[in-house]
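J.: In the numbering used here, the protein residues as written are 349 to 544.
C-beta: ideal position from N, C-alpha, C; glycine also.
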C-alpha cells in the first residue's frame with residue numbers, strides 16, 4: 349500500500365537510506381522507480397489477506413530453510429546504493445542463511461495486496477522491478493475489493509501469468525511445493541465464500 353510523496357528527480361538508494369534515518373517511522377516508506385513513496389495505513393481486509401497468505405507460505409518456507417517476512421523487509425536487486433528501487437512488499441519469501449540488514453537481494457516469492465490507491469504503482473513500476481530480480485520465481489497481486497489474484501511465474505523465457513477469480517482456484521507456488529486456494533486467501537473477510 350503506497351502513495352507517492354512527490355514527483356521529484358530520481359532518488360538513489362543511498363539518498364533514500366539517508367532520508368529514512370531522519371524519519372520517525374522508517375517502516376512507512378519505500379523507494380519505487382526513484383520516487384520516495386509513503387505507505388498508507390492498511391485496511392482490516394488487507395491485513396487479513398496478508399495474514400492468511402503469509403502464514404501458509406511461512407509454514408512451508410520454514411520446512412525448507414526459508415524465511416517469510418510480512419511488510420517490514422525491503423528488496424534491492426543488488427547491494428548497489430546507486431540503484432533507484434527499494435520496495436517493501438506485503439509478503440516476501442527468501443531462502444538460505446538469515447541475512448543481516450534491512451533489505452534482501454534474493455526473494456523467491458513476493459505478494460502484494462492491492463487497493464485502489466496503490467494499484468497503479470503495484471501493478472506498474474513495482475511489478476516491473478520484481479520481474480527483474482534474478483532470484484524471483486513468483487509474484488502474486490491480490491485484490492482486496494474483489495476475489496481476484498494475478499499470479500506471475502518465471503518461465504524459461506520471460507514470465508507466465510494467470511488470473512484467478514473462483515474460490516476453488518489454486519495458486520501453485522512450485523518454489524515451495526505448495527498450493528493455496530483462493531478461498532483461503534480471503535478467509536475471514538467480507539469476500540469469503542463458504543461451501544456447506
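#1: DSSP has residue 378 in a bridge; who is on the other side?
#2: If the criterion is Cβ atoms closer than 8 angstroms, does the pair residue 433 and residue 380 meet it?
#3: Quick one: Cα of residue 446 to Cα of residue 452, how far?
#4: For the beta strand (DSSP E) containing residue 416, list its first residue and its last residue.
#5: Look up residue 362 in the DSSP assignment and say whether it is helix, strand or coil.
#6: Out of 506, 498, 527, 503, which has the shortest C-alpha to C-alpha gap to residue 513?
#7: May I ask you to verify whether the segment 386-397 touches the segment 460-474, counting CB pairs closer than 8 angstroms and requiring at least 3?
#8: With DSSP as the reference, label residue 478 as helix, strand or coil.
#9: In angstroms with no decimal places, state the Cα-to-Cα distance between residue 359 and residue 516.
#10: Note down, in chain order, each residue of its chain lying with its Cβ closer than 7 angstroms to the Cβ of residue 341, except the 5 sequence neighbours on either side.
#11: Please name the residue in 448, 459, 443, 392 whose C-alpha comes closest to that of residue 435.
#12: Are the Cβ atoms of residue 481 and residue 439 separated by less than 8 angstroms?
#13: In whole angstroms, what is the alpha-carbon distance linking residue 477 and residue 457?
#14: Can you tell me which residues form a DSSP beta bridge with residue 487?
#15: Can you give the Cα-Cα distance for residue 486 and residue 531, rounded to whole angstroms?
T.: Checking against the coordinates, here is how it stands:
#1: 385
#2: yes
#3: 10 angstroms
#4: 414-418
#5: helix
#6: 498
#7: yes
#8: helix
#9: 43 angstroms
#10: Nothing about residue 341 can be reported from this structure: the residues present for the chain run from 349 to 544 only.
#11: 459
#12: no
#13: 13 angstroms
#14: 458, 500
#15: 19 angstroms
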